[in-house]
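If you're matching them up, the sequences are chains H and W in order.
Numbered continuously in my numbering, the first sequence closes out at residue 661.
Numbered continuously in my numbering, the second sequence closes out at residue 661.
2 protein chains.
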Amino acid sequence: MKFCSLCGAPVTLRIPAGDNLPRYVCDACEAIHYQNPKIVAGCIPEWQSRILLCRRAIEPRYGLWTLPAGFMENGESAVAAAMREAREEANAVVENPMLYGLYSLLHVSQVYLMFRGQLRDGAASPGAESLEVGLFAEEEIPWEQLAFTVVRETLRQYFAERRTGVFNLHVGDIIRESDDRFRVHHYY
Amino acid sequence: MKFCSLCGAPVTLRIPAGDNLPRYVCDACEAIHYQNPKIVAGCIPEWQSRILLCRRAIEPRYGLWTLPAGFMENGESAVAAAMREAREEANAVVENPMLYGLYSLLHVSQVYLMFRGQLRDGAASPGAESLEVGLFAEEEIPWEQLAFTVVRETLRQYFAERRTGVFNLHVGDIIRESDDRFRVHHYY
Numbered sequence: 474m475k476f477c478s479l480c481g482a483p484v485t486l487r488i489p490a491g492d493n494l495p496r497y498v499c500d501a502c503e504a505i506h507y508q509n510p511k512i513v514a515g516c517i518p519e520w521q522s523r524i525l526l527c528r529r530a531i532e533p534r535y536g537l538w539t540l541p542a543g544f545m546e547n548g549e550s551a552v553a554a555a556m557r558e559a560r561e562e563a564n565a566v567v568e569n570p571m572l573y574g575l576y577s578l579l580h581v582s583q584v585y586l587m588f589r590g591q592l593r594d595g596a597a598s599p600g601a602e603s604l605e606v607g608l609f610a611e612e613e614i615p616w617e618q619l620a621f622t623v624v625r626e627t628l629r630q631y632f633a634e635r636r637t638g639v640f641n642l643h644v645g646d647i648i649r650e651s652d653d654r655f656r657v658h659h660y661y
Numbered sequence: 474m475k476f477c478s479l480c481g482a483p484v485t486l487r488i489p490a491g492d493n494l495p496r497y498v499c500d501a502c503e504a505i506h507y508q509n510p511k512i513v514a515g516c517i518p519e520w521q522s523r524i525l526l527c528r529r530a531i532e533p534r535y536g537l538w539t540l541p542a543g544f545m546e547n548g549e550s551a552v553a554a555a556m557r558e559a560r561e562e563a564n565a566v567v568e569n570p571m572l573y574g575l576y577s578l579l580h581v582s583q584v585y586l587m588f589r590g591q592l593r594d595g596a597a598s599p600g601a602e603s604l605e606v607g608l609f610a611e612e613e614i615p616w617e618q619l620a621f622t623v624v625r626e627t628l629r630q631y632f633a634e635r636r637t638g639v640f641n642l643h644v645g646d647i648i649r650e651s652d653d654r655f656r657v658h659h660y661y
């Protein structure tokens with residue numbers, strides 16, 4: 474950020490009075506421009522013993538597999554956002570979504586809200602952001618071709634837990650340790 | 474938003490190619506400025522049969538009672554944000570936080586993540602944003618003096634459920650029906 478989005482004057486990064494973190498503050502109108510984490514809402518669409526994955530037609534991670542997920546919009550419900558992403562990326566209708574994972578990705582200031590839900594009729598086809606979509610049994614999951622650590626972690630928990638028949642909410646942080654190495658901190 | 478935060482030129486609200494919602498787009502550098510919901514992280518600090526509330530020393534809702542909660546920061550974990558707010562607003566240490574409520578406030582584009590946790594030593598005192606803090610038994614909750622619908626709803630669920638001895642995650646939307654009337658939609 475270099476300019477004030479309200480008046481167009483330059484901004485300076487400084488700690489406003491009464492605050493304890495640097496913010497972009499307008500040199501002219503003194504507006505404080507807070508920057509906050511974004512929410513990514515997504516889901517695990519279930520169909521019998523399979524789950525739906527999408528192969529990405531966009532960067533980053535073009536060509537790799539992921540769960541339907543994307544940025545929540547203003548004025549939207551988190552639940553609706555997760556269902557919308559399934560519709561947009563895979564023409565999939567997800568029913569009865571239940572929150573399954575809450576992950577904070579510190580290095581990109583994103584919070585993932587991952588829901589588990591039933592894929593209506595097992596029906597799906599690629600949306601504009603997907604090269605292909607598919608229903609995968611556990612032994613078919615392309616573990617080495619998954620797009621993101623948060624997706625791998627969500628699926629790992631999901632299949633481990635499915636054997637027990639009880640799904641519990643998982644809360645964790647994903648911390649970047651180097652360019653391509655991430656650590657998952659589990660709260661529970 | 475009137476000006477591009479990257480180059481200072483005017484922005485226009487329009488639907489970018491390949492998108493389906495209006496965004497602020499820079500007339501000069503063509504940067505697209507997405508706006509997304511903000512996360513408010515908070516908690517219910519528990520101490521024996523009481524919970525901690527804070528009386529607000531800031532607007533909005535100056536003088537009314539609330540749970541410790543505030544905007545999550547970039548680079549922060551959602552869990553850490555909830556604990557930080559308890560520390561800042563009530564000098565309170567909250568242990569073992571468990572997600573208890575996920576509420577989308579459509580009219581202000583906020584997502585509340587409310588955790589339940591134990592207040593260490595029952596110790597609390599007003600932080601800079603609180604006039605006073607207090608530990609309340611259920612029959613002492615100032616229901617008519619609560620600052621926000623999301624706080625009232627969270628506490629209502631909490632006390633109803635505490636009688637059963639089992640706490641479940643609650644997911645809902647809070648919808649403004651008029652200036653001072655809100656409706657809660659419960660997913661579960």
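Ideal Cβ placement from N, Cα and C applies to all residues, glycine included.
Distance between beta carbons of residue j and residue i, contact taken as under 8 angstroms
i	j	result
W:A610	W:S478	The pair is not a contact, with the Cβ atoms about 48 angstroms apart (cut-off 8 angstroms).
W:A482	W:A501	3 angstroms
W:E605	W:R528	5 angstroms
W:I505	W:P495	11 angstroms between Cβ atoms; not a contact.
H:F538	H:P599	Residue identity check: residue 538 of chain H is Trp in the sequence provided, not Phe. Not confirmed; about 12 angstroms, so no contact.
W:I648	W:R656	5 angstroms
W:A555	W:L526	Going by Cβ atoms, the distance from W:A555 to W:L526 rounds to 15 angstroms, so no, they are not a contact pair.
H:V552	W:Y660	6 angstroms
H:M474	H:Y497	5 angstroms
H:F476	W:C480	7 angstroms
W:I524	W:M545	Rounded, the Cβ-Cβ distance is 22 angstroms, inconsistent with contact.
Proximal residues to residue i (C-beta, below 6 angstroms), its chain only, five neighbours per side dropped
i	result
H:R593	V566, E568
W:S582	P510
H:G543	E558
W:H643	G574, Q630
H:Y535	R529
H:L578	I647
W:E602	A530, I531, E562
W:T627	G574, M587
W:E654	For clarity, residue 654 of chain W is Arg in the given sequence; the question names Glu instead. Closer than 6 angstroms at Cβ, skipping near neighbours: no residue.
W:H580	R649
W:A596	none
Neighbourhood of residue i by C-beta, 7 angstroms cutoff - its chain only, sequence neighbours within 5 removed
i	result
H:A559	C516, P518, P541, A565, V567
W:H658	G645, D646, I648
H:Q618	L537, W538
H:E650	R656
Neighbouring residues, chain W, relative to residue i (Cβ below 8 angstroms)
i	result
H:V552	S577, V644, D646, Y660
H:I512	N509, P510, I512, V584
H:C414	Nothing can be reported for residue 414 of chain H: it is not among the residues displayed for chain H, which extend from 474 to 661.
DSSP three-state assignment for residue i, whether helix, strand or coil
i	result
H:R485	The question names Arg, but residue 485 of chain H in the sequence shown is Thr. Three-state result, H:T485: strand.
W:F544	strand
W:E519	strand
W:F476	strand
W:L572	strand
H:L619	strand
Other residues of its chain near residue i: CB distance less than 8 angstroms, five sequence neighbours each side excluded
i	result
H:Q591	P518, E519, W520, V567, E568, N569
W:F640	M571, Y573, R589, Y631, E634
H:N493	none
Beta-bridge partners of residue i, as assigned by DSSP
i	result
W:S577	W:V584, W:D646
W:Y497	W:L486, W:H506
W:G607	W:L526
H:T637	None, per the DSSP bridge assignment.
H:A514	H:G543, H:L586
W:V567	W:L592
H:S651	H:R654
Beta-carbon neighbours of residue i, restricted to chain W and to distances below 9 angstroms
i	result
H:V623	Within 9 angstroms Cβ-Cβ: nothing; H:V623 doesn't reach chain W, min ~13 angstroms.
Interface residues of chain H facing residue i [CB-CB closer than 9 angstroms]
i	result
W:L604	In chain order: nothing, as chain H lies at least about 16 angstroms away.
W:M665	Lying outside 474 to 661, the shown extent of chain W, residue 665 of chain W is not represented and no answer is given.
Within chain H, partners of residue i - CB distance below 7 angstroms
i	result
W:C477	F476
Partner residues on chain W for residue i, Cβ-Cβ distance less than 7 angstroms
i	result
H:N547	Q508, N509, P510, S582
Proximal residues of chain H, C-beta to C-beta of residue i below 8 angstroms
i	result
W:F544	Y507, N509
W:L486	The premise fails here: W:L486 is roughly 13 angstroms from chain H at the closest Cβ pair, so nothing lies under 8 angstroms.
Test: residue i CB closer than 9 angstroms to a CB of chain B
i	result
H:L494	Absent here is chain B; the protein component of the structure consists of chains H and W.
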